[in-house]
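Listed in order, the protein sequences are those of chains A and B. Under the UniProt record's numbering, the first sequence has 342 at position 342, and the numbering climbs by one with no breaks. Under the UniProt record's numbering, the second sequence has 392 at position 392, and the numbering climbs by one with no breaks. As structure tokens, the structure follows; a few thoughts come after it.
Number of protein chains: 2
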Amino acid sequence: MKQSQMLIPTLKETPADAEIASHRLLLRAGFIRQNASGIYSYLPLGLRVLQKIEKIIREEMNRTGAQELLMPAIQPAELWHETGRWDVYGPELMRLKDRHNRDFALGATHEELITSNVRDELNSYKKLPMTLYQIQTKYRDEKRPRFGLLRGREFIMKDAYSFHADQEDLDKQYQIMYDAYTKVFERCGLEFRAVIADSGAMGGKDTHEFQALASVGEDLIAYSDSSDYAANIEMAEVITADERPNVDMLPLTEGKDNGQRTGLKYVCFKANEKLVVVYVREDDEINDVKVKNVLEADMIEVLSDQERAETGFDPFQSDSETIILADNGVKNVVNGTLHVEETNKDYINVNPERDLGVSVYHDLRFIKEGDPSPDGKGRIKFARGIEVGQIFKLGTKYSESMNAVFLDENGRSRPLIMGCYGIGVSRTLSAVAEQCHDENGLIWPVSVAPFELHIIAVNAKNEEQMTLADRLYEKYSARYEVLLDDRKERAGVKFAESDLIGCPLRITVGKKATDGVVELKVRKTGEVIECSVDELDHVISAHLND
Amino acid sequence: MKQSQMLIPTLKETPADAEIASHRLLLRAGFIRQNASGIYSYLPLGLRVLQKIEKIIREEMNRTGAQELLMPAIQPAELWHETGRWDVYGPELMRLKDRHNRDFALGATHEELITSNVRDELNSYKKLPMTLYQIQTKYRDEKRPRFGLLRGREFIMKDAYSFHADQEDLDKQYQIMYDAYTKVFERCGLEFRAVIADSGAMGGKDTHEFQALASVGEDLIAYSDSSDYAANIEMAEVITADERPNVDMLPLTEGKDNGQRTGLKYVCFKANEKLVVVYVREDDEINDVKVKNVLEADMIEVLSDQERAETGFDPFQSDSETIILADNGVKNVVNGTLHVEETNKDYINVNPERDLGVSVYHDLRFIKEGDPSPDGKGRIKFARGIEVGQIFKLGTKYSESMNAVFLDENGRSRPLIMGCYGIGVSRTLSAVAEQCHDENGLIWPVSVAPFELHIIAVNAKNEEQMTLADRLYEKYSARYEVLLDDRKERAGVKFAESDLIGCPLRITVGKKATDGVVELKVRKTGEVIECSVDELDHVISAHLND
């Protein structure tokens, strides 16, 4: 492609609201353009990268035997009523009415739609298993769209859904998809971890997130320094040794601690219309997700100060309606301290079971760096990640509510067992950009680069240089994707924009064109190789196949 | 692909609301599934055809030098306010509000968005011309969605936009796109005509529709029996010879005609808040589009009986506020007749200029079969068509209202001159199905067939047959797209479904498998060729490359 004919609106200034490198560079290098908050156009360079990622995903999905289909973005509300999600899904679900005043959603996800598509068809165990996927545009009205394509309101996802006759078969497919996802992200050149995750509003149990490591990531990952254990911080299990000190309980007393006792603290939640009080050690943090999971609640809310005051809660006099939970770490506290917010009083020699009505302990706190890894191997470290994929074992949540059943081998009607598997396609593009850049611009891995070769004539007015550049462009376009900078710009501008765009290899045709000598620059390492036109074939293929 | 693993939900019954063959067969053969009125899923077979059409379009667009990009479906209302189309576009434009109560449209078309994307960038004649296209999902809330993918509410379009410094350059690009569209539809195997059309709400002047010929088409095309002249019936020019009879005007009289005089009739419209009365000969029909164009009005409305009564209009006493128009054919009427609806009276010896205040004649009627072709060659015939593409010379309608300007060679600021070019991608799929089928099912052209070869083992329980079928499947999958019917269904079911799905070639592996002999059936002609496995290569390639 000739650069003079392409729409590549590079920006000299850094856009004001672009907080992170990928957002900044994708805008500056003319890959994307914002049309509204969280809503973007993919300009020709951006679309080329996107299509390469899509191709990798298609290849790996097809290899698993999954079949591609394409469902609509507009979904009738009736389907969402069947699963109850019309009411549960908050303002993130974009809704609209048609001219007949009927309700529709813009699909944030497609469980309802795929289930409605197969429910009459996959009616026998003989037709199972089946896995279907699509690469399609999704909508989520994010409260705070940000970071460019990382958290947008209109974005591209690959979503897959599998249907099974039994759990074992789902487990098998889950592993196949896990492996396929690993290949996809490896091929995209991402550094990532598959981490144990929370299934959130999706339902189901087992789930892994694929997290591209990046300091700007919104997710915190806990991983072992000695094994491949990794979990979203929300889900990382905390192993608490039984280390209850063998001392006598002293009488509960109002008063300040002398600094030797272990502090306790508590947080009040509302869940299923009940008051829930959770105790942890003062230097630990309560993990809402774990609390929610222990309570088997769909949602829990921390009480505001006012709501809290209204409950009239007293730790030492809690009524039987109140649910008292305590973290495993609390179990080891004898004669601890407690500050009671409601009365602004401090107590010492607090013993959880005797004084606070605690009867059962759970893992309810966030893991910390240095904690032992839950798999017993090594210690926990933290890293930040961008969630680029997630796989779920959904089970029968959707098939039961939508009556998607099949006849098993014994002629009994049973709900389909489902898995679902997502990749944020546009988000993967951003994650690659976030991992692969330097201060001068983007550095695309060969597999997803918009062009593999960037040919620049230093002086476009010099006939010899342009002739050689044209000749190389013609020659290599047959084998590679080549961008030719044929613009009559200053060499400095061309070089700077070439670094900004970030194709893996650059061929610079300069003064030595007369002697048939050009420069090859490797964008990633900065290495510059002077070589004759005859040697080019070899040098290029060595680098692009590396 | 093995059929046992594919989602192909064929239907034995014809869906009740499917009025036309393509809709019926695409549903019955499991290519698409309806999710809501005018909203469909493309199942694996349907998506394969769709992707092939998309590939053809991409190849032909890229060949013209157009660059692909991808714009969002959700568009901020502000852009539509800039062009005024937010208010002009009726209920067909789907609208929604985000969580902050801001207005958005689901793109029915992307003139506003593309113009906003380029308006700061294409700021110099040096950067022109440029053509950009996308293949993307569009939304139109049709009053009466019908005919499956032909008139849907969510559908896939290829839309392209070109930007030019002068009209001559636009004219050049228009011809390039005209030629590219011709290639696209030829490659898709469509029988079509490029017809002169009305630019409607899009603005601009020159425009052609590409109409796939089909008896169920919603558009009526007038074409010459002796030249390549073709026009949408709305736009077909009527040539009226000057044949005014040389007789004296007789006095206007109330009374019934004896059957020898030429009848006149009139219709009352409202346009720009004025009463417009249009006269034509009794056996002609008024063409609203022509009336609208003569008036240079955005919209005209036929008055209801009540509205008409309220005007108090009297043909013989019209006031100066009323606009009187007459068709060219009226000019030749001397001593005609007129029935006045308002008073229910009949008149004879009506002379338009003398009695009706007619002073000027225009081409205002629909063309009829048998009329002379406007290009002077032959006579007009009618055909019905499905509009699969349209190309427009937009001019500066959008660039002016959105202030998209460039500096010309003399440093003067001028609005960009635009063209726009659409292909209904999903509609093309339907149009091919509508043209290519028989009573047994679909008959896909090789270029867009979901699979090129369909291999069937007559008896899947017969080991010899299955082994040979498998072997052929493996062998030809390396060269062609092959569907293997490995299901344990009765042979009759397999044959019927194979005809329904409509792959170009079918290889039937039956009893003669023992002797290495199979049957090849050509779907289109029904021809059956018995041949040895050794001869297959040759026979297949002869048919698929035909």
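Glycine residues also receive a C-beta, built at the ideal position from the N, C-alpha and C atoms. All values reported here derive from a predicted model rather than from experimental measurement.
Which residue wins for smallest C-alpha separation from residue i, given the options the options?
i	options	result
A383 of chain B	B:F495, B:A214 and B:P251	B:A214
D198 of chain B	B:I221, B:E59 and B:S413	B:I221
R151 of chain B	B:E439, B:H23 and B:F495	B:H23
L132 of chain A	A:E68, A:R144, A:H100 and A:A194	A:E68
T343 of chain A	A:V88, A:P315 and A:D169	A:P315
Y266 of chain B	B:V216, B:N403, B:L338 and B:V118	B:L338
E154 of chain B	B:Q317, B:E301 and B:G38	B:G38
A212 of chain B	B:R193, B:S304 and B:T311	B:R193
E60 of chain A	A:A160, A:K475 and A:A542	A:A160
G526 of chain A	A:L505, A:S532, A:V517 and A:D248	A:L505
V405 of chain B	B:R119, B:E310, B:Y89 and B:E243	B:R119
E234 of chain A	A:K290, A:E78, A:P91 and A:Y89	A:K290
Within a Cβ cutoff of 8 Å, which residues of the same chain sit near residue i, ignoring the five residues on either side of it in sequence?
i	result
I32 of chain A	L26, Y40, S41, Y42, L43, G46, G148 and L149
S224 of chain B	A230, S373, D375, K377, G378, R379, I380 and K381
V294 of chain B	L325, H362 and L364
E237 of chain B	A231, D363, I367 and P374
N440 of chain B	A496, D499 and L500
Contact criterion: CB-CB distance below 8 Å. Does residue i meet it with respect to chain A?
i	result
residue 548 of chain B	Any property of residue 548 of chain B remains undetermined from this structure, which presents chain B solely from 1 to 546.
S41 of chain B	yes
L69 of chain B	yes
N35 of chain B	yes
R99 of chain B	yes
G395 of chain B	no
V405 of chain B	no
Using a Cβ-Cβ cutoff of less than 7 Å, which residues in the same chain neighbour residue i once the five nearest sequence positions on both sides are dropped?
i	result
L70 of chain B	Q134 and Q136
E409 of chain B	Y125
A21 of chain A	E434 and H437
R48 of chain A	P450
I239 of chain A	P372 and P374
Comparing the C-beta of residue i with each C-beta of chain B, is any distance below 8 Å?
i	result
N232 of chain A	no
Q5 of chain A	yes
A449 of chain A	no
I53 of chain A	no
M177 of chain A	no
T137 of chain A	yes
A73 of chain A	yes
G422 of chain A	no
Would you kindly report the start and end of the unbroken alpha helix (DSSP H) that includes residue i?
i	result
K22 of chain A	As written in the sequence, residue 22 of chain A is Ser, which differs from the Lys given in the question. Run containing S22 of chain A: A21 to R28, per the alpha helix (DSSP H) assignment.
F185 of chain A	Q167 to R187
residue 549 of chain A	The shown model of chain A, from 1 to 546, leaves out residue 549 of chain A, and the question about it has no answer.
F114 of chain A	The question names Phe, yet the displayed sequence has Ile at residue 114 of chain A. Unbroken alpha helix (DSSP H) run through I114 of chain A: E111 to V118.
N459 of chain B	Neither: N459 of chain B is in no alpha helix (DSSP H) and is coded neither H nor E.
Residues in the same chain with beta-carbon distance under 6 Å from residue i, minus the five sequence neighbours each way, listed in chain order, please.
i	result
D206 of chain B	K393
G255 of chain A	I348
residue 561 of chain A	With chain A running from 1 to 546 in the structure shown, residue 561 of chain A is simply not present.
R487 of chain B	Q3 and S4
L356 of chain B	P315
D257 of chain A	T337 and I348
What are the boundary residues of the beta strand (DSSP E) that residue i is part of?
i	result
H208 of chain B	T207 to L213
R471 of chain A	Here R471 of chain A belongs to no beta strand (DSSP E); instead the alpha helix (DSSP H) covers E463 to S477.
M157 of chain A	E154 to H164
D346 of chain B	K345 to V350
M94 of chain B	M94 to K97
T322 of chain B	Element bounds for T322 of chain B: n/a, residue is neither H nor E.
H339 of chain B	G336 to V340
contact_flag[the stretch 449 to 456 of chain B, the stretch 480 to 498 of chain B] where n(CB pairs < 8 Å) is 3 or more: They touch, by the three-pair rule.
Three or more beta-carbon pairs under 8 Å between the stretch 375 to 395 of chain A and the stretch 423 to 435 of chain A, yes or no? Segments in contact, yes.
Does the structure place the stretch 48 to 60 of chain A close enough to the stretch 439 to 448 of chain A that three or more beta carbon pairs sit under 8 Å? In this structure the stretch 439 to 448 of chain A lies against the stretch 48 to 60 of chain A, because at least three pairs of beta carbons, one per stretch, are closer than 8 Å.
State whether the stretch 97 to 109 of chain A contacts the stretch 5 to 19 of chain B, with contact taken as three or more CB pairs (one from each stretch) at a distance under 8 Å. Touching, no, given that fewer than three Cβ pairs across the two stretches are closer than 8 Å.
Say whether the stretch 456 to 469 of chain A touches the stretch 183 to 193 of chain A, bearing in mind that this needs 3 or more beta-carbon pairs closer than 8 Å, one atom from each stretch. Counting Cβ pairs under 8 Å, fewer than three are found: no touch.
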